[in-house]
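Visitor: Going by our numbering, the sequence shown runs without a break in its numbering and finishes at 338.
Every residue gets a Cβ at the ideal spot worked out from N, C-alpha and C, and that includes glycine.
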Amino acid sequence: MVEEPLEGKMQGTSRPESVSTRLQRIAKLSREVPEMVWTTLAHHIDIDLLREAYRLTRKDGAVGVDGQTAKAYSENLEENLRDLLNRFKSGDYKAPPVRRTYVPKGDGKRTRPIGIPTFEDKVLQRAVSMVLNAVYEQDFLDCSYGFRPGRSAHDALEELRKDAMSLGGGHVLELDIKKCFDVLDHGHLRTFLDKRVRDGVIRKAIDKWLKAGVLEAGTISHPETGTPQGGVVSPILMNIYLHEVLDKWFVQEVRPRLHEEAYLKGTLMML
68 MVEEPLEGKM QGTSRPESVS TRLQRIAKLS REVPEMVWTT LAHHIDIDLL REAYRLTRKD
128 GAVGVDGQTA KAYSENLEEN LRDLLNRFKS GDYKAPPVRR TYVPKGDGKR TRPIGIPTFE
188 DKVLQRAVSM VLNAVYEQDF LDCSYGFRPG RSAHDALEEL RKDAMSLGGG HVLELDIKKC
248 FDVLDHGHLR TFLDKRVRDG VIRKAIDKWL KAGVLEAGTI SHPETGTPQG GVVSPILMNI
308 YLHEVLDKWF VQEVRPRLHE EAYLKGTLMM L
């Protein structure tokens with residue numbers, strides 16, 4: 068196991084790094100040392116990164132269980148962000164349950180459950196996701212397209228077209244992981260996270276989100292699996308999970324055994 072230099076070891080910095088520069092440095096180190104296990108990452112989440120997370124968080128989304136709007140939160144923004152940061156760093160942050168609602172799926176005859184976090188929870192989830200993305204974008208394989216920067220389902224389809232053309236045709240097998248976000252195994256996810264991120268503050272926050280529960284019809288339930296579809300942190304957690312159980316499995320185990328060329332184009336869909 069390789070651990071990154073501890074905070075405070077860097078010398079000669081004349082001014083604080085910008086959020087972008089800081090994330091780029093995390094990405095660079097993760098890319099250059101793929102076996103690294105990050106044990107200290109939470110110090111990168113400071114007031115500047117929270118401000119950026121707030122800027123990137125939608126302000127017109129539905130409210131969570133506390134009923135607080137983005138506008139109301141912004142009225143004392145600096146105080147709210149500093150209080151949020153202190154609770155996050157000290158471990159006092161309590162992840163509120165998500166409010167469950169349903170949206171039409173596919174042809175409109177079925178519905179998909181969506182979890183709506185509180186606005187403050189969205190901001191913190193965004194901040195943690197930004198740091199996790201800086202680490203894991205260096206690990207994710209080219210066959211993964213869902214919820215990744217600069218990639219989309221349209222890009223996956225275009226690459227699929229190119230692959231089919233290069234082969235002169237072939238077969239396309241479309242598979243759907245039923246209730247993907249609902250059935251994510253928490254134990255397996257923790258094991259996968261251990262390979263890269265063991266920062267205690269960040270891991271505690273992730274555990275709190277996994278255990279926060281769901282409010283529906285006035286009743287709070289605590290599912291033993293899954294991460295709420297609609298949660299800001301859910302896509303990166305699902306990508307980490309699928310990277311281990313699907314992408315690496317296909318590339319390392321399945322494709323080498325095949326007699327002909329085969330390609331995987333994985334996407335995640337969240338409404």
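1) How many Å lie between L96 and G175 at the Cα?
2) Specify, as a first and last residue, the run of the beta strand (DSSP E) that L90 falls within.
3) Using 8 Å for Cβ pairs, my map puts K189 next to R179. What's the rounded Cβ distance?
4) What does the alpha-carbon distance come out to for the pair R265 and N200?
5) Determine which residues share a DSSP beta bridge with K172 and list them.
6) Starting from I287, follow the beta strand (DSSP E) in both directions and report where the run begins and ends.
7) Does the distance from the CB of L251 to the CB of T294 come in under 7 Å?
8) Inspect the beta-carbon positions of G280 and G182 and report whether they are closer than 7 Å.
9) Run through the stretch 156-231 for me and flag every whole alpha helix (DSSP H) of 4 or more residues, listed as ranges in chain order.
10) With DSSP as the reference, please indicate the residues paired to L282 in a beta bridge.
11) May I ask you to report which of helix, strand or coil DSSP gives D252?
12) Under 8 Å by Cβ, that's how I've got V202 and W105 pegged, so tell me the actual separation to the nearest angstrom.
13) Taking E166 as the reference, give the member of L208, I112, R257 and S288 with the closest Cα.
14) Classify T292 as helix, strand or coil using the three-state DSSP reduction.
15) If contacts are defined as beta-carbon pairs under 8 Å, then P191 and L240 qualify, I think. What distance do you get, rounded to the angstrom?
16) Return the chain-ordered list of same chain residues with a C-beta closer than 6 Å to the C-beta of G237, the five sequence neighbours on each side being excluded.
17) In this structure, how does DSSP classify G298 when only helix, strand and coil are distinguished?
18) Can you give the Cα-Cα distance for L224 and A329, rounded to whole angstroms?
19) I believe S301 touches F248 by the beta-carbon criterion, under 8 Å. Please report the beta-carbon distance rounded to the nearest angstrom.
20) DSSP state of G267, grouped into three classes?
21) Are A194 and A120 close, meaning C-beta to C-beta below 7 Å?
22) Using a 10 Å radius around the Cβ and a threshold of 16 neighbouring Cβ atoms, would you call G254 buried or exposed?
23) In this structure, how does DSSP classify V318 when only helix, strand and coil are distinguished?
24) Going by the DSSP bridge assignment, what does M305 pair with across the sheet?
25) Going by DSSP in three states, V130 sits in which element: helix, strand or coil?
26) Which stretch, first to last residue, makes up the alpha helix (DSSP H) that contains R118?
27) Going by DSSP, what residue range makes up the alpha helix (DSSP H) through A139?
Guide: Per the coordinate set shown:
1) Translated into the one-based positions of the sequence shown, residue 96 becomes position 29. Translated into the one-based positions of the sequence shown, residue 175 becomes position 108. Each residue's alpha carbon lies about 45 Å from the other.
2) Numbered from 1 along the sequence shown, position 23 holds the residue referred to as residue 90. Per DSSP, L90 belongs to no beta strand (DSSP E); it is in the alpha helix (DSSP H), V86 to E99.
3) As a position in the sequence shown, residue 189 is number 122, starting the count at 1. As a position in the sequence shown, residue 179 is number 112, starting the count at 1. The beta carbons of K189 and R179 sit about 19 Å from each other, so the pair does not count as a contact at 8 Å.
4) Taking the first residue of the sequence shown as 1, we reach residue 265 at position 198. Taking the first residue of the sequence shown as 1, we reach residue 200 at position 133. It is roughly 15 Å from the alpha-carbon of R265 to the alpha-carbon of N200.
5) Here residue 172 corresponds to residue number 105 of the sequence shown, with the count starting at 1. BP columns for K172 point to R177.
6) Position 220 of the sequence shown, counted from the first residue, corresponds to residue 287. Annotation for I287: the continuous beta strand (DSSP E) segment containing it runs T286 to S288.
7) Taking the first residue of the sequence shown as 1, we reach residue 251 at position 184. Taking the first residue of the sequence shown as 1, we reach residue 294 at position 227. Closer than 7 Å, so yes.
8) For the purposes of this step, residue 280 is taken as residue 213 along the sequence shown, with counting starting at 1. For the purposes of this step, residue 182 is taken as residue 115 along the sequence shown, with counting starting at 1. Between G280 and G182, the C-beta spacing is not below 7 Å.
9) Runs of the alpha helix (DSSP H) inside the stretch 156-231: 186-203.
10) Reading the sequence shown from its first residue, position 215 is the one you call residue 282. Here L282 is bridged, per DSSP, to R166 and I287.
11) If you number the sequence shown from 1, residue 252 lands on position 185. Residue state, collapsed to three classes: strand.
12) Position 135 of the sequence shown, counted from the start, is the residue given in the question as residue 202. Position 38 of the sequence shown, counted from the start, is the residue given in the question as residue 105. With a Cβ gap of about 6 Å, V202 and W105 count as contacting.
13) Within the sequence shown, numbered from 1, the residue matching residue 166 stands at position 99. For the record, residue 166 in the displayed sequence is Arg; it is not Glu. The option with the nearest alpha carbon to R166 is S288.
14) Numbered from 1 along the sequence shown, position 225 holds the residue referred to as residue 292. DSSP places T292 in the strand class (E or B) of the three-state scheme.
15) Taking the first residue of the sequence shown as 1, we reach residue 191 at position 124. Taking the first residue of the sequence shown as 1, we reach residue 240 at position 173. For clarity, residue 191 is Leu in the given sequence; the question names Pro instead. L191 to L240, Cβ: 39 Å. No contact.
16) Here residue 237 refers to the residue found at position 170 of the sequence shown. For G237, where only same-chain residues beyond five positions count, the Cβ hits under 6 Å are A231.
17) Against the sequence shown, residue 298 aligns to sequence position 231. In the structure shown, G298 sits in a strand (DSSP, three-state: E or B).
18) Position 157 of the sequence shown, counting from 1, holds the residue named residue 224. Position 262 of the sequence shown, counting from 1, holds the residue named residue 329. Using only the alpha carbons, I get a separation of about 15 Å.
19) The residue you call residue 301 lines up with position 234 of the sequence shown. The residue you call residue 248 lines up with position 181 of the sequence shown. With a Cβ gap of about 6 Å, S301 and F248 count as contacting.
20) The sequence position of residue 267 within the sequence shown is 200, counting from 1. Here G267 carries a helix assignment [DSSP, helix/strand/coil].
21) Against the sequence shown, residue 194 aligns to sequence position 127. Against the sequence shown, residue 120 aligns to sequence position 53. Yes, the Cβ-Cβ distance between A194 and A120 is below 7 Å.
22) Sequence index remark: in the sequence shown, residue 254 carries index 187 (1-based). Within 10 angstroms of the beta-carbon of G254 lie fewer than 16 other beta-carbons, which makes it exposed.
23) Numbered from 1 along the sequence shown, position 251 holds the residue referred to as residue 318. Reduced to three states, the DSSP call for V318 is helix.
24) As a first step, residue 305 must be located in the sequence shown, where it is residue number 238. According to DSSP, M305 bridges with nothing at all.
25) In the sequence shown, residue 130 corresponds to position 63, counting from 1. Three-state DSSP puts V130 in coil, outside helix and strand.
26) Residue numbering aside, residue 118 sits at position 51 when the sequence shown is read from its first letter. Under the DSSP assignment, R118 falls in the alpha helix (DSSP H) whose first and last residues are I114 to L123.
27) Position 72 of the sequence shown, counted from the start, is the residue given in the question as residue 139. A137 to S141 is the span of the alpha helix (DSSP H), which, as asked, contains A139.
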